[in-house]
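Chemist: Below is a structure I'd like to ask you about.
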């Protein structure tokens, strides 16, 4: 794990980078007389950690790719019972991408918030934080659904709203105001859509990852835009 720390510091050029700090947190918890714990945390995911850290190259790496690397490291921490470090790293990734996008409710924020929800569910003491993260996801999806509906795509908007409620509404409760507003919009739309459109909604919402797919779509758009920006700087 010390080798991974040195590798991370060398690649990222900073001891304060979130990936380096997260690795250091685990290292601090280990002692010379805990080799089994060391193997448990470090060895199974050695290559995953190395690949994730190596892909995050500070200023030379576009923000979406940095966030992707941070999510990968957070996933590794969560699998090795270091959910506290995973939570902190994901929160750092959220702030980084939020600053880059300039909009806290941009659909591009979904991958980080969705993974954060998964990590928060690992600790009962974080129940309130689960609700807050789910509420943010509902707001993000609601805004995107409103945009689609304004553009005439009520079917897609309804798929997003219904899928979001299925995946995240339960954590907020049936009496929650935001949940009920979104539910009313779904019910109204289902009455107005024709049979074929309703069938499309029903079929799409059989899948468990409606919101995840939306986030991945925007992640691809962000990656393309950031790569174009990087290429332009290289030409200049």
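Residue numbers (the numbering used here): 3 to 238.
Heads up, the beta-carbon is just placed ideally off N, CA and C, and yes, glycines get one too.
For my contact list, residue 98 and residue 65 are in at a C-beta cut-off of 8 Å; report their separation, rounded to the angstrom.
Modeler: Contact holds; Cβ gap of about 6 Å.
Chemist: Taking all protein chains shown into account, do 16 or more other C-beta atoms lie within 10 angstroms of the C-beta of residue 163, making it buried, or fewer, making it exposed?
Modeler: It is buried - the Cβ of residue 163 has at least 16 other Cβ atoms within 10 Å.
Chemist: Can you tell me whether residue 73 is buried or exposed? The criterion is at least 16 other CB atoms within 10 Å of its CB, across all chains shown.
Modeler: With 16 or more other Cβ atoms within 10 Å, it is buried.
Chemist: Residue 203 and residue 160 look like a contact to me (Cβ under 8 Å); what is the Cβ gap, rounded to whole Å?
Modeler: Contact holds; Cβ gap of about 5 Å.
Chemist: Inspect the beta-carbon positions of residue 167 and residue 184 and report whether they are closer than 8 Å.
Modeler: In contact: residue 167 and residue 184 (Cβ atoms closer than 8 Å).
Chemist: Take residue 45 and list the residues in its own chain whose beta-carbon comes closer than 7 Å to its own, dropping the five residues that flank it on each side.
Modeler: Legend: pLDDT at residue 45 = 45, less than 50; position of this residue unreliable, value from coordinates given subsequently. Closer than 7 Å at Cβ, skipping near neighbours: no residue.
Chemist: Round the Cβ separation of residue 136 and residue 174 to the nearest angstrom and send it over; I've been treating them as touching at under 8 Å.
Modeler: With 8 Å as the limit, residue 136 and residue 174 qualify as a contact, their Cβ atoms being about 6 Å apart.
Chemist: Does the pairing of the region 125-132 with the region 90-108 give three or more beta-carbon distances under 8 Å?
Modeler: Too few Cβ pairs lie closer than 8 Å, so no.
Chemist: Residue 186: buried (16+ other C-beta within 10 angstroms of its C-beta) or exposed?
Modeler: Counting Cβ neighbours within 10 Å, residue 186 comes out exposed, since fewer than 16 surround it.
Chemist: Kindly list the residues whose CB is nearer than 6 Å to the CB of residue 106, restricted to its own chain and excluding five residues on each side of it in sequence; keep chain order.
Modeler: Counting only Cβ-Cβ distances below 6 Å, and skipping sequence neighbours, we find 100.
Chemist: Counting only runs of 4+ residues fully inside the region 156-186, write out the alpha helix (DSSP H) ranges in chain order.
Modeler: Whole alpha helix (DSSP H) segments, 4+ residues: 156-166.
Chemist: Return the chain-ordered list of same chain residues with a C-beta closer than 8 Å to the C-beta of residue 233, the five sequence neighbours on each side being excluded.
Modeler: Only weak support exists for where residue 233 lies, its pLDDT of 44 falling under 50; the value from the coordinates is given anyway. So the list is empty, once near-sequence residues are dropped.
Chemist: Kindly indicate which three-state DSSP category residue 145 falls into: helix, strand or coil?
Modeler: Of the three classes helix, strand and coil, the one that applies to residue 145 here is helix, per DSSP.
Chemist: Residue 255 to residue 80, Cα distance in whole Å?
Modeler: Within the shown structure, residues of the chain are numbered from 3 to 238, placing residue 255 beyond reach of any answer.
Chemist: Please classify residue 89: is it buried, with 16 or more other beta-carbons within 10 angstroms of its beta-carbon, or exposed?
Modeler: Buried, by the Cβ-count rule.
Chemist: What are the complete alpha helix (DSSP H) segments, minimum 4 residues, inside the region 71-129?
Modeler: If we require 4 residues or more, the alpha helix (DSSP H) runs fully inside the region 71-129 come out as 85-103 and 112-122.
Chemist: Measure from the alpha carbon of residue 154 to the alpha carbon of each residue in 131, 119 and 191, then state which is nearest.
Modeler: Among 131, 119 and 191, the Cα nearest to that of residue 154 belongs to 191.
Chemist: Using only CA atoms, which one of 165, 132, 121 and 140 lies nearest to residue 82?
Modeler: For residue 82, the nearest C-alpha among the options comes from 121.
Chemist: Where does residue 217 sit, in a helix, a strand or coil, going by DSSP?
Modeler: Helix.
Chemist: Quick one: measure Cβ to Cβ for residue 118 and residue 110, integer angstroms, because I've assumed they're closer than 8 Å.
Modeler: No, residue 118 and residue 110 are not in contact; Cβ-Cβ is about 14 Å, not under 8 Å.
Chemist: What does a CB cutoff of less than 6 Å around residue 139 pick up in its chain, not counting 5 residues either side in sequence?
Modeler: Only 115 and 170 meet the Cβ criterion.
Chemist: Is it right to say residue 85 is buried, meaning 16 or more other beta carbons lie within 10 angstroms of its own, or is it exposed?
Modeler: By the 10 Å Cβ count, residue 85 comes out buried.
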